[in-house]
Amino acid sequence: MSGERFAADPDALRGSGRGLAELRTRVEQLASDVNNIAVGYPDAAGDGDYRAQFNMKYVPLEQNALTFMEKLSDAVENVGSGATAAADIFEGADSDATDHARRS
Numbered sequence: 000m001s002g003e004r005f006a007a008d009p010d011a012l013r014g015s016g017r018g019l020a021e022l023r024t025r026v027e028q029l030a031s032d033v034n035n036i037a038v039g040y041p042d043a044a045g046d047g048d049y050r051a052q053f054n055m056k057y058v059p060l061e062q063n064a065l066t067f068m069e070k071l072s073d074a075v076e077n078v079g080s081g082a083t084a085a086a087d088i089f090e091g092a093d094s095d096a097t098d099h100a101r102r103s
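The opening residue of the sequence shown carries number 0 in numbering that gives the first Met the number 0; numbering runs sequentially from there.
The following block contains the structure:
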C-alpha cells in the first residue's frame with residue numbers, strides 16, 4: 000500500500016450522517032402513521048367476510064411493516080452515527096498529521 004494515498008472528507012461524512020438522521024426521522028414518522036391509522040380506525044374493515052380477509056391479509060402485513068421500519072430505523076441510526084464517528088476520527092488524524100508535519 001506504500002505510495003497509495005487515502006483521503007476522506009470529514010464534512011461530507013458529517014453531512015451524510017445528518018442525511019441519515021433525517022431518513023431515520025422519516026421512517027419513524029411513517030411507522031407512527033401506520034400505527035396511528037391502525038389504532039384510530041380499528042373497525043375500518045367493517046365485519047363479515049371482508050373483515051375476515053382484512054384480518055388475515057392486512058393485519059400481519061401491518062405488523063411486518065412496523066417491525067421492518069423499526070429495524071430499518073435502527074440500522075440507519077447505526078450507519079449515520081458511524082459516519083459521524085468516522086468523520087471525527089479522520090479529522091483528528093488529519094489534524095495530528097498536520098501538527099506532526101509542522102514540527103518536522
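All C-beta atoms, glycine included, are put in the ideal place defined by N, C-alpha and C.
If you look at Gly-39, you'll find it in the alpha helix (DSSP H) that goes 9-39. Selection Ala-37, Ala-43, Leu-65 and Val-58 evaluated against Glu-27 yields Leu-65 as nearest (Cα-Cα). With a 10 Å radius around the Cβ and a threshold of 16 neighbouring Cβ atoms, Leu-12 comes out buried. Close CB contacts of Thr-83 within its chain, under the 8 Å cut and outside five residues either way in sequence, are with Leu-12, Arg-13 and Gly-16 (chain order). Collapsing the DSSP output to three states places Phe-5 in coil. Inclusion of Ala-30 and Phe-89 in the CB contact set at 8 Å is not warranted, their separation being larger than that value. Rounded to the nearest whole angstrom, the C-alpha separation of Glu-3 and Leu-71 is 36 Å.
In this structure Val-58 does not touch Leu-19 by the C-beta definition: roughly 31 Å separates them, more than the 8 Å allowed.
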